[in-house]
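K.L.:
Pasting a structure here, questions to come.
Number of protein chains: 2
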Amino acid sequence: MKNLETKSNKVSLKEIARLSGVSIATVSRVINNTGRFSEETKHRVLNIVKKNNYRTNTLARSLRTKHSNSIGILVPDLTNDFFSKVVQEIEKNLFKVGYSTIICDTQRDPDMENYYLNTLEAKSIDALIVISGDHPFDSDSLTEKVPVLCIDRKPKNKDTIFISSNHKTGALIATQRLIDKGYFPVYVSPDHVSTSRASRISGFKHALELNSIQFTQSNSLELKAPNQESYDKTIEEFLQKNKDKRLGLFCLSDYIAAIAIRQIHKLNLKIPNEIGVIGFDDTKYASLLNPSLTTIHQDTSKIAELSAKTITKMISSPSTDVKKNIEVPVTLVARESA
Amino acid sequence: MKNLETKSNKVSLKEIARLSGVSIATVSRVINNTGRFSEETKHRVLNIVKKNNYRTNTLARSLRTKHSNSIGILVPDLTNDFFSKVVQEIEKNLFKVGYSTIICDTQRDPDMENYYLNTLEAKSIDALIVISGDHPFDSDSLTEKVPVLCIDRKPKNKDTIFISSNHKTGALIATQRLIDKGYFPVYVSPDHVSTSRASRISGFKHALELNSIQFTQSNSLELKAPNQESYDKTIEEFLQKNKDKRLGLFCLSDYIAAIAIRQIHKLNLKIPNEIGVIGFDDTKYASLLNPSLTTIHQDTSKIAELSAKTITKMISSPSTDVKKNIEVPVTLVARESA
DNA sequence: AAGAGTTGAGTAAACGTTTGTACAAAAATA
DNA sequence: TATTTTTGTACAAACGTTTACTCAACTCTT
Numbered sequence: 001m002k003n004l005e006t007k008s009n010k011v012s013l014k015e016i017a018r019l020s021g022v023s024i025a026t027v028s029r030v031i032n033n034t035g036r037f038s039e040e041t042k043h044r045v046l047n048i049v050k051k052n053n054y055r056t057n058t059l060a061r062s063l064r065t066k067h068s069n070s071i072g073i074l075v076p077d078l079t080n081d082f083f084s085k086v087v088q089e090i091e092k093n094l095f096k097v098g099y100s101t102i103i104c105d106t107q108r109d110p111d112m113e114n115y116y117l118n119t120l121e122a123k124s125i126d127a128l129i130v131i132s133g134d135h136p137f138d139s140d141s142l143t144e145k146v147p148v149l150c151i152d153r154k155p156k157n158k159d160t161i162f163i164s165s166n167h168k169t170g171a172l173i174a175t176q177r178l179i180d181k182g183y184f185p186v187y188v189s190p191d192h193v194s195t196s197r198a199s200r201i202s203g204f205k206h207a208l209e210l211n212s213i214q215f216t217q218s219n220s221l222e223l224k225a226p227n228q229e230s231y232d233k234t235i236e237e238f239l240q241k242n243k244d245k246r247l248g249l250f251c252l253s254d255y256i257a258a259i260a261i262r263q264i265h266k267l268n269l270k271i272p273n274e275i276g277v278i279g280f281d282d283t284k285y286a287s288l289l290n291p292s293l294t295t296i297h298q299d300t301s302k303i304a305e306l307s308a309k310t311i312t313k314m315i316s317s318p319s320t321d322v323k324k325n326i327e328v329p330v331t332l333v334a335r336e337s338a
Numbered sequence: 001m002k003n004l005e006t007k008s009n010k011v012s013l014k015e016i017a018r019l020s021g022v023s024i025a026t027v028s029r030v031i032n033n034t035g036r037f038s039e040e041t042k043h044r045v046l047n048i049v050k051k052n053n054y055r056t057n058t059l060a061r062s063l064r065t066k067h068s069n070s071i072g073i074l075v076p077d078l079t080n081d082f083f084s085k086v087v088q089e090i091e092k093n094l095f096k097v098g099y100s101t102i103i104c105d106t107q108r109d110p111d112m113e114n115y116y117l118n119t120l121e122a123k124s125i126d127a128l129i130v131i132s133g134d135h136p137f138d139s140d141s142l143t144e145k146v147p148v149l150c151i152d153r154k155p156k157n158k159d160t161i162f163i164s165s166n167h168k169t170g171a172l173i174a175t176q177r178l179i180d181k182g183y184f185p186v187y188v189s190p191d192h193v194s195t196s197r198a199s200r201i202s203g204f205k206h207a208l209e210l211n212s213i214q215f216t217q218s219n220s221l222e223l224k225a226p227n228q229e230s231y232d233k234t235i236e237e238f239l240q241k242n243k244d245k246r247l248g249l250f251c252l253s254d255y256i257a258a259i260a261i262r263q264i265h266k267l268n269l270k271i272p273n274e275i276g277v278i279g280f281d282d283t284k285y286a287s288l289l290n291p292s293l294t295t296i297h298q299d300t301s302k303i304a305e306l307s308a309k310t311i312t313k314m315i316s317s318p319s320t321d322v323k324k325n326i327e328v329p330v331t332l333v334a335r336e337s338a
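Sequences listed follow chains R and F, in order.
If you're matching positions, the first sequence starts at 1 in UniProt numbering and goes up one per residue.
If you're matching positions, the second sequence starts at 1 in UniProt numbering and goes up one per residue.
Written out as structure tokens, the structure reads:
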């Protein structure tokens, strides 16, 4: 038999106070355990609280205290394996230390990004973690009010804390491996270009330099396209045109790598003998592709842990300055594709 | 040169009222465009509002009005391709009609689920959309307060609105295809078992019935396991043991299918000649696997659209009753694997 | 030109908290 | 015992809105 009182929609401090014969203030102090009450009243109040299934109205609380115990996260695309993993891990970390997380998928749309920035600010979030869309994050007005932390994509303002994988080194390692194995190195880049992608490309180029290879047009394959089919076509054409070379594709993401491998199969080229492929991210499908994908592993757990730690530190002691640029090491995971 | 006033942290209705020489009430009415003001004051106030970069404090607003224009979403695992897609699409749909979305990843953890339920309730969300974890969703206390809509996994309470793909039919179609192609049908199920999985299994069994095939132990492969490696092993053993049969694997998700295909390759079995594989979900990697994966396509867009539409209708007119059980058709996408 | 309706405002209460101030009673100190 | 300190509590303001009431000043009706 369910307690009928559960139905009552609104049980406030006032009601609890009335029921237990003390003042609202006392109830509040008991609930927040902020002292100045006797053991006896404590028990009495807590009993009534439980019996009436009282929940603090956090709206009112936040309005009064100016903070909400919640942290906003802006993410450009939740269906992206890397992003969703990072976000999930951050949430897990923050949950452990008592913060609730508000995740907002901006769909890489500046309008939505702004919209959510506003609603989050209006919700008195205690801090903001942002993975920006295709344009560098740039909101000084908010940054003045709450701690802001950027992940993966460099913010416009150099003073904003920024955590990311060491993309450049990752690309360097991958490219060096391709070169070492005698492939003709080519980077394959998708449509969306972010600062992280840029770093990877720069790492790629650096590797060529180190090996005294002159970077030319044929070392890159840019996939400008609205949909996957035209990706397919562009890749196929490129492969056809460069049949003479033993290509080593450094794909800027595992997903691109998967598409490339698919096209390679269509042309009946043998991986890794006739062509090599390396990806980036080490998402959950990397080991499941056929052949399994050699790729650069991003340490999502580390990124998430660092992000959570840093942001909570920034909240609790805004004065102590933290490192502005944190780079998380990446590792190459050698599998079959190169 | 940036406006210095941007820095001021707190500009409230009161301040705007003072600045424009009218009462707070008038400013409020202008901002919400709720009448009872002259064109002249409107312009004056709006100017001041703009100049001072005023933002409504939604906390205060919600506290007063009892609603927040935001909708909570509970999701068991954001790294799951199907879930993240659905959630993203819902968010897009709700955004278009002016709702902001609060996404919470419960990590299939009942504790986190409860925690978020509480914080969401405390935030005065206008409605809740839930994809439950491994246990059917069961929160009548909340359901009494705001509209609740369940997706994909059947809620405990039969009166809760429920939207999902037609899992049973999907499984039926897939299994029938395997049978038609002369395979010995086997369903492959992962660890987590949900009501949606159960429906799929039931569809599978129904297909056997229709074809007068007796369901036995060897028609199922249950992957009870903590990690992917032991998945691998279980699958390998099963394949070895059933070498004599021409197996047709109906995998309860694309991800499982990918793992299975990987093992099949290891044993040098030829797909689709010696063994067939069909998945479920049609996630973005389905077409990229090798061979590409025949699978059951879930219409995430439709599910999302329906969810958004239904929930907004429930909010605006709680009295009109909507269909309690909405099934979204699925389609088979024929590719190479079976 | 008198009454009725409309328009443009202001006042103040309310939403549910937290917290500074106040103060009596009890406890500790001298 | 007289004084100080601590303890337990209440009161009331404040957070930033929305909105039900008022009400004076217009604008129409006849």
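From the three backbone atoms N, C-alpha and C, an ideal C-beta is built for every residue, glycine too.
Remember, it's a predicted structure, so these values are computed and weren't measured experimentally.
Flag this pair as yes or no: are the beta carbons of residue 95 of chain R and residue 281 of chain R separated by less than 8 Å?
P.N.:
Going by C-beta atoms, residue 95 of chain R is not nearer than 8 Å to residue 281 of chain R.
K.L.:
Closest to residue 19 of chain F by CA distance: which of F:207, F:122, F:132 and F:46 is it?
P.N.:
Considering only alpha carbons, the answer is F:46.
K.L.:
Please state if the CB of residue 204 of chain F and the CB of residue 245 of chain F are separated by a distance shorter than 8 Å.
P.N.:
No. Outside cutoff.
K.L.:
Once you ignore the five residues that flank residue 132 of chain F on each side, which residues in its own chain have a CB closer than 6 Å to its CB?
P.N.:
Same-chain partners within the cutoff: 153.
K.L.:
Is there contact here, the region 300-309 of chain F with the region 83-90 of chain F, by at least three beta-carbon pairs under 8 Å?
P.N.:
With a cut-off of 8 Å, the region 83-90 of chain F and the region 300-309 of chain F count as touching, because enough Cβ pairs lie within range.
K.L.:
Taking a Cβ distance cut-off of 7 Å, strictly less, list which residues of the region 118-132 of chain R are near chain F, in chain order.
P.N.:
Answer in chain order: 118, 119, 121, 122, 123 and 124.
K.L.:
Identify which residue in F:180, F:182, F:175 and F:84 has its Cα closest to the Cα of residue 188 of chain F.
P.N.:
Among F:180, F:182, F:175 and F:84, the Cα nearest to that of residue 188 of chain F belongs to F:175.
K.L.:
Unbroken beta strand (DSSP E) runs of length 3 or more, entirely within the region 36-104 of chain F: which are they?
P.N.:
Entirely contained in the region 36-104 of chain F, the beta strand (DSSP E) runs reaching 3 residues are, in chain order, 70-75.
K.L.:
Of all the options F:28, F:191, F:232 and F:215, which has the alpha carbon lying nearest to the alpha carbon of residue 64 of chain F?
P.N.:
It is F:28 whose Cα lies nearest to the Cα of residue 64 of chain F.
K.L.:
Give the DSSP-derived three-state secondary structure of residue 294 of chain F in the structure shown.
P.N.:
If DSSP states are grouped into helix, strand and coil, residue 294 of chain F belongs with the strands.
K.L.:
Could you work out which residue in R:190, R:239 and R:142 is closest to residue 223 of chain R when comparing CA atoms only?
P.N.:
Comparing Cα-Cα distances from residue 223 of chain R to each of R:190, R:239 and R:142, the minimum goes to R:190.
K.L.:
Secondary structure at residue 339 of chain R, three-state DSSP: helix, strand or coil?
P.N.:
Missing from the structure shown is residue 339 of chain R; chain R here goes from 1 to 338 and no further.
K.L.:
To which residues does DSSP link residue 185 of chain F through a beta bridge?
P.N.:
Answer is F:248.
K.L.:
What residue range does the beta strand (DSSP E) around residue 30 of chain R cover?
P.N.:
That residue, residue 30 of chain R, is in no beta strand (DSSP E); its alpha helix (DSSP H) goes 24-31.
K.L.:
To the nearest angstrom, how far is it from the Cα of residue 166 of chain F to the Cα of residue 201 of chain F?
P.N.:
Between residue 166 of chain F and residue 201 of chain F, the C-alpha separation is close to 12 Å.
K.L.:
Where residue 119 of chain R and residue 34 of chain F are concerned, what is the direct C-alpha to C-alpha distance, given to the nearest angstrom?
P.N.:
If you take the alpha carbons of residue 119 of chain R and residue 34 of chain F, they lie about 21 Å apart.
K.L.:
With a threshold of 7 Å on Cβ separation, who are the neighbours of residue 311 of chain R within its own chain once the five nearest residues in sequence on each side are excluded?
P.N.:
Only 71, 127, 129, 147 and 149 meet the Cβ criterion.
K.L.:
Helix, strand or coil for residue 325 of chain F, going by three-state DSSP, please let me know.
P.N.:
Strand, per DSSP.
K.L.:
Of the residues F:62, F:21, F:181 and F:177, which one's Cα is nearest the Cα of residue 274 of chain F?
P.N.:
Comparing Cα-Cα distances from residue 274 of chain F to each of F:62, F:21, F:181 and F:177, the minimum goes to F:181.
K.L.:
Look at residue 173 of chain F and residue 332 of chain F and say whether their C-beta atoms are less than 8 Å apart.
P.N.:
Yes, the Cβ-Cβ distance between residue 173 of chain F and residue 332 of chain F is below 8 Å.
K.L.:
So, at 8 Å on beta carbons, what are the nonlocal neighbours of residue 192 of chain F in its own chain, with the 5 sequence-adjacent residues on each side left out?
P.N.:
For residue 192 of chain F, where only same-chain residues beyond five positions count, the Cβ hits under 8 Å are 108 and 134.
K.L.:
Could you tell me if residue 25 of chain F is buried or exposed, where buried requires 16 or more neighbouring beta carbons within 10 angstroms of its beta carbon?
P.N.:
Classification of residue 25 of chain F: exposed, given that the 10 Å Cβ count is below 16.
K.L.:
So if DSSP puts residue 258 of chain F in a beta bridge, which residue, or which two residues, is it bridged to?
P.N.:
DSSP lists no partner for residue 258 of chain F.
K.L.:
Enumerate in chain order the residues of its own chain whose CB-to-CB distance from residue 225 of chain R is below 7 Å, with the five nearest sequence positions on each side excluded.
P.N.:
Contacts found: 191, 231 and 234.
K.L.:
For residue 3 of chain R, count the other beta carbons within 10 Å of its own beta carbon; 16 or more makes it buried, fewer makes it exposed. Which is it?
P.N.:
With a pLDDT of 36 at residue 3 of chain R, under the threshold of 50, the predicted position of this residue should be treated as unreliable, though the coordinate-derived value follows. It is exposed - the Cβ of residue 3 of chain R has fewer than 16 other Cβ atoms within 10 Å.
K.L.:
Using three-state DSSP, classify residue 336 of chain F as helix, strand or coil.
P.N.:
Coil at residue 336 of chain F, not helix or strand.
K.L.:
Under a CB-based cut-off of 8 Å, is residue 95 of chain F close to chain R?
P.N.:
Output row for residue 95 of chain F: interface = yes.
K.L.:
Rounded to whole angstroms, what is the Cα-Cα separation between residue 198 of chain F and residue 103 of chain F?
P.N.:
Each residue's Cα considered, the two are about 26 Å apart.
K.L.:
Note the first and the last residue of the continuous alpha helix (DSSP H) segment covering residue 109 of chain F.
P.N.:
No alpha helix (DSSP H) contains residue 109 of chain F, which DSSP labels as neither H nor E.
K.L.:
Residue range of the alpha helix (DSSP H) that residue 133 of chain R falls in?
P.N.:
Where residue 133 of chain R is concerned, there is no enclosing alpha helix (DSSP H), given that its DSSP letter is neither H nor E.
K.L.:
Please classify residue 85 of chain R as buried or exposed, where buried requires at least 16 other C-beta atoms within 10 Å of its C-beta.
P.N.:
Per the 10 Å Cβ criterion, buried.
K.L.:
Using beta carbons (cut-off 8 Å, strictly below), is residue 105 of chain R in contact with chain F?
P.N.:
Cβ-Cβ to chain F under 8 Å: yes for residue 105 of chain R.
K.L.:
Tell me the DSSP secondary structure of residue 276 of chain F in three-state form.
P.N.:
If DSSP states are grouped into helix, strand and coil, residue 276 of chain F belongs with the strands.
K.L.:
To the nearest angstrom, report how far apart residue 145 of chain R and residue 32 of chain F are at their CA atoms.
P.N.:
Their backbone Cα atoms lie some 25 Å apart in a straight line.
K.L.:
Given that a residue counts as buried once 16 or more other Cβ atoms are within 10 Å of its Cβ, and exposed if not, what is residue 209 of chain F?
P.N.:
It is exposed - the Cβ of residue 209 of chain F has fewer than 16 other Cβ atoms within 10 Å.
K.L.:
Give the DSSP-derived three-state secondary structure of residue 271 of chain R in the structure shown.
P.N.:
Correct three-state label for residue 271 of chain R: coil.
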